[in-house]
Amino acid sequence: MRKCLEYGLEFRGELLNFRKDGTPMMNRLCLTPIRTDDGTVSHIIGIQVFMEANIDLGPVSCNLWKESLYTAEWFTEESASHRGKTVSVDLPSRHRRCGLLDLSDEVLAQKILALLSPRDVASLGSVCTRLFQLTRNEDLWKIVCQNAWGVETTSILEAVPGTRRLGWGRLARELTSLEGAAWRKIVVGGAVEPSRCNFSACAVGNRLVLFGGEGINMQPMNDTFVLDLGAASPEWRHVHVSSPPPAACMA
1 MRKCLEYGLE FRGELLNFRK DGTPMMNRLC LTPIRTDDGT VSHIIGIQVF
51 MEANIDLGPV SCNLWKESLY TAEWFTEESA SHRGKTVSVD LPSRHRRCGL
101 LDLSDEVLAQ KILALLSPRD VASLGSVCTR LFQLTRNEDL WKIVCQNAWG
151 VETTSILEAV PGTRRLGWGR LARELTSLEG AAWRKIVVGG AVEPSRCNFS
201 ACAVGNRLVL FGGEGINMQP MNDTFVLDLG AASPEWRHVH VSSPPPAACM
251 A
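Using the UniProt record's numbering, read the sequence shown as starting at 1 and increasing by one per residue.
Below, the structure is given as structure tokens:
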């Protein structure tokens with residue numbers, strides 16, 4: 001692409017990209033230069049078509065510290081000698097040095113990948129063969145989920161039937177991208193009175209907390225209501241607190 005832009009040539013190709021939730025997608029790109037009468041490139045027309053990338057980023061059970069392969073794009077002379085591989089002295093120009101992959105699998109998994117968000121781990125799995133193999137590990141994904149959602153939430157999810165069959169990698173992708181989410185209508189009792197606007201709300205486990213807001217004539221409200229969705233018959237309850245809630249914001 002850079003060469004085509006530099007020399008004013010037409011470029012056609014496909015680029016692997018990722019959405020904000022970490023799911024892969026393919027960009028089919030076409031760049032066509034527009035020249036003036038004297039042959040100078042004045043503009044470049046770009047056409048981009050988005051397509052779904054059918055890439056399975058889910059994990060399979062394997063040894064967390066299993067020896068992995070390198071791809072040519074991430075090949076280094078140091079890593080090759082460490083793995084007992086032979087390397088030609090004159091490496092092609094496309095072989096770039098990457099010090100990150102000189103680290104052992106244990107360090108990469110425990111000190112780097114395990115500390116990232118599920119979305120970032122899924123993205124790194126498409127960088128090279130070695131990272132792809134590391135991110136296919138079930139134990140690594142469980143650690144990533146624990147760091148992202150907390151040990152208590154992960155334990156609850158682990159007790160749900162089908163979690164082991166689905167796998168932590170697939171579960172993280174579905175929860176991050178909301179692939180497995182579905183709306184469910186719930187009839188609740190009680191009421192938040194008096195009526196208000198500009199209130200604040202947050203979720204704490206299965207409970208929805210609503211506080212503050214503005215009533216008639218923009219009168220500030222300083223009460224708090226809680227809705228427990230885990231109850232058999234959920235209903236709004238007014239909760240007495242020792243101090244007023246934070247300043248209201250748009251919800």
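Cβ atoms here follow ideal geometry from the backbone N, Cα and C, with glycine treated the same way.
Boundaries of the alpha helix (DSSP H) in which residue i is found, first to last residue
i	result
V151	151-159
A122	118-124
C30	Looking at the DSSP string, C30 is not in any alpha helix (DSSP H); the run it does join, the beta strand (DSSP E), is 24-35.
E174	168-177
R2	2-7
Paired residues, beta bridge with residue i - DSSP
i	result
W236	L227
residue 291	Residue 291 lies beyond the stretch modelled for the chain, which goes from 1 to 251, so this question has no answer here.
V41	R35
I216	BP columns for I216 are empty, so no partner.
N222	The partner list for N222 (beta bridge, DSSP) is empty, contrary to what the question assumes.
G46	L31
G189	E235
E52	M25
Whole-Å CB distance - residue i paired with residue j, under 8 Å assumed
i	j	result
I44	L31	6 Å
L116	V144	7 Å
residue 254	N206	Beyond the ends of the chain as shown, which are 1 and 251, falls residue 254; an answer cannot be given.
L134	A109	6 Å
G215	S200	No, G215 and S200 are not in contact; Cβ-Cβ is about 14 Å, not under 8 Å.
R130	L101	6 Å
M221	R196	5 Å
T154	P118	Not confirmed; about 12 Å, so no contact.
Range covered by the beta strand (DSSP E) that runs through residue i
i	result
R130	Premise fails: R130 lies in the alpha helix (DSSP H), 129-134, not in any beta strand (DSSP E).
R12	11-18
Residue of the options minimising C-alpha distance to residue i
i	options	result
S242	S117, T224, G230, W236	T224
V127	G162, F18, R207	F18
V187	D37, D228, R35, T129	D228
W236	L208, E214, N222	L208
L15	I47, E6, D38	I47
L140	T153, V160, A159, G167	G167
H240	L210, L175, R170	L210
N27	E52, R35, R130	E52
K142	G125, V41, T163	T163
V121	R165, N147, E193, T36	N147
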